[in-house]
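Residue numbering for the sequence shown is 5 to 374, as defined by the numbering used here. We treat Cβ as the ideally placed atom computed from N, Cα and C, and that holds for glycine. A short write-up of the structure that comes next.
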Amino acid sequence: MKNKRNTILKRTGILILFLMIPTLLGSVQNTTSLPEWDYGAWQEIAFNCKHPILSDPLIRRALSHLADREATIEMGASQIGVLYPGITFVNPTSYGFDSSIQYDEYNSNYALQLIRSAGYSVEELSFTILTPSTNQHRINWTEMFAENLRQIGIAVDHVVTDWGEIISRTFGHPALFDNDPSTIIPAFDEGGYDMFAVGYGFALENDVVYWTGDTYVHEESFNFYQYNNENYENLYFEVQAVGSGSADSAIFSEIQQILKDDPPAIILFQGLYTDDIEFETVTEGLNLLLDEVSGLEVSGDISAGSAESLLAKLDAATNHWNNGKDLQTAHHLDVFIKHVQVLLESESIPYMEGQYLIYVAQLIINKILV
């Protein structure tokens, strides 16, 4: 694959809309170099950690288990990309990413158990979730999350509003810029917020420290989460003292585990995206896939998803395309995607390489069916 210059997207609160490939992706494997992807992004439900109830990590963790990440991915958004369930904000291209840490699966019974462990009943819980009016997909999956809370008895008001009001209640709230540490962003009913649906873009090479620097250190102004975890901060400053490249990888793992156990936000999903794939015609795209599959190394004996079966489907798709049979071409590419998924599920091919094949095949299908 041709190396492309990474697009550097600083964390400025710019919101990005996405359309996913309509498939649930498998477990994420660690990687350090993905030149085929230009940038990444994630979608989250941010917590106000100074909220009277949300200040309890058990409650935030309970709510994390009420977010159906798999269903959220299936709902989709507005740009094709590789999506996977969110764990923390750290993405698999980041230095120090720990692939052994698993995301919180949807489990209402376990959520109820955590709520009881925190000393609450569901009847005592009531929250308002803010969502920007500019992204209908985000509105939809946030409403699904809100409904999951309502189904177990938590009172939820989902407020969809403009960015002006949201900014004034969250990362533009005056409390962030007040030198008085006792001044906090209050709950929604007092002019602040309880929870807030938002998304961010990121550059692929950024490490754990890059993202935590101005976000979760409690003295920093961008910490609208009002997050404060002493263990996290000690580790953060330890990494800062020696530099990210010299820090023990175990520290990065511990940081990610802290952010999962004491979450400042529910990371719904993350994604990897590219500005473009360098083919202009369906024929060029098919040739690109053929080149990639020809060099694909498959481990194990997986007859349903072997490299030979992938090549056979691409040959069939190419023949149909050359004979003007558009729908048959798209059909064979759809089967090709399913075969790649078999290989991914059996871990017979590298995760990101498989997702790249799916990504390109879906782009070709879209070009055919437009």
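Mind checking residue i: buried by the 16 CB within 10 Å criterion, or exposed?
| i | result |
| --- | --- |
| residue 358 | buried |
| residue 138 | exposed |
| residue 98 | buried |
| residue 183 | exposed |
| residue 241 | exposed |
| residue 264 | buried |
| residue 181 | exposed |
| residue 238 | exposed |
Thinking residue i and residue j are a contact (beta carbons under 8 angstroms), I'd like their distance in whole angstroms, please.
| i | j | result |
| --- | --- | --- |
| residue 192 | residue 71 | In fact, because the Cβ distance is near 19 angstroms, the residues do not count as touching under 8 angstroms. |
| residue 45 | residue 277 | 7 angstroms |
| residue 330 | residue 372 | 5 angstroms |
| residue 316 | residue 333 | Going by Cβ atoms, the distance from residue 316 to residue 333 rounds to 14 angstroms, so no, they are not a contact pair. |
| residue 348 | residue 302 | 11 angstroms between Cβ atoms; not a contact. |
| residue 112 | residue 57 | In fact, because the Cβ distance is near 18 angstroms, the residues do not count as touching under 8 angstroms. |
| residue 268 | residue 68 | Not confirmed; about 11 angstroms, so no contact. |
Mapping DSSP to helix, strand and coil, what is residue i?
| i | result |
| --- | --- |
| residue 270 | strand |
| residue 236 | helix |
| residue 175 | coil |
| residue 50 | strand |
| residue 200 | strand |
| residue 289 | helix |
| residue 86 | strand |
| residue 276 | strand |
| residue 45 | strand |
| residue 33 | The pLDDT assigned to residue 33 is 33, lower than 50, so where the model puts this residue is not dependable; a value taken from the coordinates is nonetheless given after this. Coil at residue 33, not helix or strand. |
| residue 299 | coil |
| residue 205 | strand |
| residue 68 | helix |
Residue j and residue i - do their beta-carbons sit closer together than 8 angstroms?
| i | j | result |
| --- | --- | --- |
| residue 62 | residue 118 | yes |
| residue 361 | residue 344 | yes |
| residue 48 | residue 259 | no |
| residue 131 | residue 199 | yes |
| residue 230 | residue 262 | no |
| residue 87 | residue 273 | yes |
Please indicate yes or no: does the CB of residue i lie closer than 7 angstroms to some heavy atom of the ligand SAM?
| i | result |
| --- | --- |
| residue 108 | The ligand SAM is absent from the structure shown, which contains no ligand whatsoever. |
Taking the runs of the beta strand (DSSP E) that are 3 residues or longer, which of them lie wholly in the stretch 97-172? Entirely contained in the stretch 97-172, the beta strand (DSSP E) runs reaching 3 residues are, in chain order, 130-136, 159-165.
Going residue by residue through the stretch 313-353, where are the continuous alpha helix (DSSP H) segments of at least 4 residues, counting only ones entirely within it? Listed in chain order, the complete alpha helix (DSSP H) runs (minimum 4 residues) inside the stretch 313-353 are 330-349.
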